[in-house]
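For the sequence shown, our numbering gives the first residue as 791, with consecutive numbering after it. Contents: one structure, followed by commentary.
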Amino acid sequence: MTDTALIESTAPTPAPEPRTAVLDDAHVGDIRGALGTIKQGDTAPRNGIPAKLKTLLAIIGPGLIVMVGDNDAGAFATYGQAGQNYGTRLLWTLLLLVPVLYVNQEMVLRLGAVTGVGHARLILERFGKFWGAFSVIDLFLLNALTIVTEFIGVILAVGYLGLPKTVSVLVAAAVVIAAASTGSFRRFERTAVFLCLGSLLLVPIYFIIHPGAGTMAHDFVVPGMPHGSQLSDVMLLIIAIVGTTVAPWQLFFQQSYVIDKRITPRFMRYEKADLWLGIVIVIVGAAAMMGFAAAAFTGTSGYGNFDDAAGIAHGLEASAGKVAGVLFAVALLDASIIGASAVSLSTAYALGDVLGLKHSLHRGVAGAKAFYAIFAGVILAAAVIVVIPGSPLGLLTEGVQTLAGVLLPSASVFLLLLCNDRTVLGPWVNGRAMNVFTSVVVAVLVTLSVILTAAVLFPGITTTAILDIMAVCGVAGILALGYAELRRRRKGWALAGPVDRTGKHDWRMPPLGQLPKPVISTGRKVGLSALRTYLLVAMVLVIVRIVQLALGH
């Protein structure tokens, strides 16, 4: 593998661009988005609304796709369950997740635009083969299972629509593979954006069912717990909402997709606008699902008895007619297909980055055989598993959500560390406010992960036990943050100095071979080792528990 130099700008009297760490020369060139093109070396100022809008349209894609792809089959089940079992009382969780979604995805889009190197490769280079291997293994395992749940969504949707399940799953797999294998990045993105528009089918369902807008608005901004419900049950569903809304694959996908689209730091604010667009659509869709599921099932025998997403389609039909049920099934099918595409791509991008393979949608199959083989392989394997008679589909869906909740803290920790690495991000490193907020988010994710693991291993866990876990994790988190702040005051600021952010729009990370070897402190090694040990043990225990349930024990 060789580092590539950015192609010289075609603009008049261009200044030579610095060598960067871009690993695939297909990642250099014009930005050819679904809705527009920006020529390489275009540094002209965007004056006026028309020019800014034209630029935004060309950039739109990464944030929109990663967010809408997050409203996948698992999300339909989770949000539907929240609405069917607890009404709109958990809507406030979506509002709290907005800053979490933005902060996580803003950091990875910044890493992608500035470094030109995928998330898995950066972890490998900056933390060593041991940590890099764990990250890729975690991602591959979780993604493979997630793709299975996407095809479970396909089966549920086509089952409601009365279509043959096996044929439909295989056709869906073929569509996903074909859409990404044309050798045209723009063609794939146009297909993906079209599928994103399909998520808007949830909006007319909302107006057909017409849940109480006042109640929804109240529950969206005023936190509260469902009356008369077991705290342990509610907490597990909240954790599932977090796990389905903030998933590890999103971090790997968006960083690599930003790179593949050839977005540079110069267009950072437009990519942030793209991200906000995606967040708004995903929150609107999630809220709509909770709202119309609550309205459709309240006062019926189905209230509090969630089964699966197909059950929601039937409930909508019983409440508001066939059209509502069909729209929901079509939206579920659409979400499953775009989810399968995004999750599979995140896997192929990560392995391509780490293994030194050509890994770009700008290349055809002939130019990136291994990349497309990985992409198609995970799709076909998931499709085959789903159509095998007797496969524990419901258990697989629950297992994926559990594993996502368990493994998410690891991905968030590495993301935070990379965004404080001045060698990697230079003037784009995190500010103090971002670090404090992200550290709190990581602490909360670790707490939720511990609760989730305990609940899987001990299904009868009590409310008192959950509150005790939260208290212990809270105290540990405060002590850890205090220790980190003390170290920062004693060493960090004096050694590193303030960040010089001048000229940051033209700054890119140098080639990997030119980066100084990172120095990892003893305290950081101990912390990472402790986190990894916990996550490894928790993951193994969860998998064992799932297997036991599958075998009927």
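Here a beta-carbon is modelled for each residue, glycine too, at the ideal position from N, C-alpha and C. Note that the structure is a prediction, hence the values are computed from the model and not measured.
Problem set entry | Chain-order list of residues whose beta-carbon lies under 7 Å from that of Phe-1063 (same chain, five-residue window excluded) | Inspection of the sequence shows that residue 1063 is occupied by Ala rather than by Phe. When the five nearest sequence neighbours on each side are left out, the beta carbons in the same chain lying within less than 7 Å of the beta carbon of Ala-1063 are those of Leu-846, in order along the chain.
Problem set entry | Nearest-angstrom beta carbon gap, Tyr-1093 and Ser-971 [assumed within contact, 8 Å] | For a cut-off of 8 Å, the C-beta gap from Ser-971 to Tyr-1093 is around 45 Å, too long to register as a contact.
Exercise. Going by C-alpha distance, which of Leu-884, Ala-872 and Glu-915 is nearest Leu-1305?
Worked result: Among Leu-884, Ala-872 and Glu-915, the Cα nearest to that of Leu-1305 belongs to Glu-915.
Exercise. Near Gln-871, what residues of its chain come up, given a Cβ to Cβ distance below 7 Å and the 5 sequence neighbours on each side ignored?
Worked result: Excluding sequence positions up to five before and after Gln-871, its CB lies within less than 7 Å of the CB of Leu-1027 and Phe-1096, all in the same chain and listed in chain order.
Exercise. Can you list, in chain order, the residues of its chain whose CB lies under 6 Å from that of Pro-1249, leaving out five sequence neighbours each side?
Worked result: In its chain, beyond the 5 residues on either side, no residue has a beta carbon closer than 6 Å to the beta carbon of Pro-1249.
For this session: If I'm right that Val-1110 touches Ile-998 with Cβ under 8 Å, what's the distance once you round it to whole angstroms?
Result: At residue 1110 the sequence reads Ala, which differs from the Val that was named. Contact flag correct, Cβ pair sits at about 5 Å.
Exercise. How should Trp-1283 be labelled, buried or exposed, when 16 other C-beta atoms within 10 angstroms of its C-beta is the threshold for buried?
Worked result: Any reading at Trp-1283 must be qualified, since the residue scores a pLDDT of 47, below 50, and its modelled position is unreliable; the value itself is stated next. Under the 10 Å beta carbon count, Trp-1283 is surrounded by fewer than 16 other beta carbons and is classified as exposed.
Exercise. With DSSP run on the structure shown, which of helix, strand or coil describes Ile-821?
Worked result: Reduced to three states, the DSSP call for Ile-821 is strand.
Exercise. Nearest to Leu-1197 by alpha carbon, out of Leu-1206, Thr-1243 and Arg-1052?
Worked result: Nearest to Leu-1197 by alpha-carbon distance, out of Leu-1206, Thr-1243 and Arg-1052, is Thr-1243.
Problem set entry | Contact under 9 Å by Cβ, Asp-860 with Gln-1040 | Yes; because the gap between Cβ atoms is below 9 Å, this pair is in contact.
Exercise. If you drop the 5 nearest sequence neighbours on each side, which residues of the same chain put their C-beta closer than 7 Å to that of Ala-1100?
Worked result: Only Leu-946, Gly-949 and Tyr-950 meet the Cβ criterion.
For this session: Write down the C-beta distance between Leu-1123 and Gly-1115 rounded to the nearest angstrom, noting that I regard them as a contact closer than 8 Å.
Result: Not confirmed; about 13 Å, so no contact.
Exercise. Helix, strand or coil: how does DSSP classify Thr-972 here?
Worked result: Thr-972: coil per DSSP, three-state reduction.
For this session: Write down every uninterrupted run of the alpha helix (DSSP H) in the region 1189–1250 whose length is 4 residues or greater and which is fully enclosed by it, in chain order.
Result: Counting only runs that start and end inside the region 1189–1250, the alpha helix (DSSP H) elements of at least 4 residues fall at 1212–1215 and 1222–1247.
Exercise. Roughly how many whole angstroms lie between the Cα atoms of Met-1079 and Leu-992?
Worked result: Rounded to the nearest whole angstrom, the C-alpha separation of Met-1079 and Leu-992 is 7 Å.
For this session: Have a look at Phe-920, Ala-1125, Ser-1131 and Leu-1145 and flag the residue whose alpha-carbon is nearest the alpha-carbon of Val-907.
Result: Cα-wise, what sits closest to Val-907 is Leu-1145.
Exercise. Can you tell me whether Phe-978 is buried or exposed, with buried defined as 16 or more other CB within 10 angstroms of its CB?
Worked result: Buried: at least 16 other Cβ atoms inside 10 Å.
Exercise. Looking at the unbroken beta strand (DSSP E) that takes in Gly-826, where does it start and where does it end?
Worked result: Boundaries of the beta strand (DSSP E) around Gly-826: 826–828.
For this session: Apply the 10 Å Cβ neighbour rule to Lys-1051 and answer buried if 16 or more other Cβ atoms are within range, or exposed otherwise.
Result: Lys-1051 is classed as buried because its beta carbon has at least 16 other beta carbons within 10 Å across all chains shown.
Problem set entry | Buried versus exposed call for Pro-835 [16 or more other C-beta atoms within 10 Å across all chains shown] | Its Cβ having fewer than 16 others within 10 Å, Pro-835 is exposed.
Exercise. Nearest CA to the CA of Ile-1071: which residue from Val-1177, Pro-1288, Gly-952 and Asp-862?
Worked result: Comparing C-alpha distances from Ile-1071 to each of Val-1177, Pro-1288, Gly-952 and Asp-862 shows the shortest one belongs to Asp-862.
Problem set entry | Beta-carbon gap between Ala-962 and Ala-1130 smaller than 9 Å | Cβ distance < 9 Å, so Ala-962 and Ala-1130 count as in contact.
For this session: Pull up the distance between the alpha-carbon of Val-1332 and that of Arg-1322, whole angstroms please.
Result: One C-alpha to the other measures close to 15 Å.
Exercise. How about Gly-973 and His-1149: are their beta carbons less than 9 Å apart?
Worked result: By the CB criterion at 9 Å, Gly-973 and His-1149 fall outside the cutoff.
Problem set entry | Alpha carbon of His-1000 to alpha carbon of Phe-1082, nearest angstrom | C-alpha separation (whole angstroms): 7 Å.
Exercise. In chain order, what residues of the same chain have a beta carbon less than 7 Å from the beta carbon of Ile-1251, not counting five sequence neighbours either side?
Worked result: Excluding residues within five positions, the ones whose Cβ falls inside 7 Å are Ser-1022, Ala-1244 and Ala-1245.
For this session: Would you grab the beta carbon distance between Gly-943 and Val-1190 for me? Rounded to a whole angstrom, and I think it's under 8 Å.
Result: Not a contact, Cβ separation roughly 12 Å.
For this session: Could you spell out the range, first to last residue, of the alpha helix (DSSP H) harbouring Thr-1005?
Result: 1003–1011 is the span of the alpha helix (DSSP H), which, as asked, contains Thr-1005.
For this session: Can you tell me which of Glu-1061, Val-1036, Val-1337 and Asn-933 puts its alpha carbon nearest to the alpha carbon of Asn-894?
Result: If we check each option's Cα against that of Asn-894, Val-1036 comes out closest.
Problem set entry | Simplified DSSP state of Leu-880, which is helix, strand or coil | When secondary structure is reduced to three states using DSSP, Leu-880 falls in the coil class, being assigned neither helix nor strand.
Exercise. Hey, out of Leu-843, Thr-883 and Val-1230, whose CA is closest to Gly-1267's CA?
Worked result: Checked all of Leu-843, Thr-883 and Val-1230; the closest Cα to Gly-1267 is Val-1230.
Exercise. Of all the options Phe-1204, Arg-1291 and Ala-903, which has the alpha carbon lying nearest to the alpha carbon of Phe-917?
Worked result: Answer by Cα proximity: Phe-1204.
Exercise. Looking only at its own chain, which residues have a Cβ that is under 7 Å from the Cβ of Leu-881, when we skip the five neighbours before and after it?
Worked result: Met-1006, Asp-1009, Phe-1010, Ala-1077 and Met-1080.
Exercise. Quick one: is Gly-823 buried, meaning 16 or more other Cβ sit within 10 Å of its Cβ, or exposed?
Worked result: With 16 or more other CB atoms across the displayed protein chains lying within 10 angstroms of its CB, Gly-823 is buried.
Exercise. Quick one: is Leu-1285 buried, meaning 16 or more other Cβ sit within 10 Å of its Cβ, or exposed?
Worked result: A caution first: Leu-1285 carries a pLDDT of 46, below 50, which makes its placement in the model too unreliable to give a value.
Exercise. Going by the CB atoms, is the gap between Val-858 and Ser-989 shorter than 9 Å?
Worked result: In contact: Ser-989 and Val-858 (Cβ atoms closer than 9 Å).
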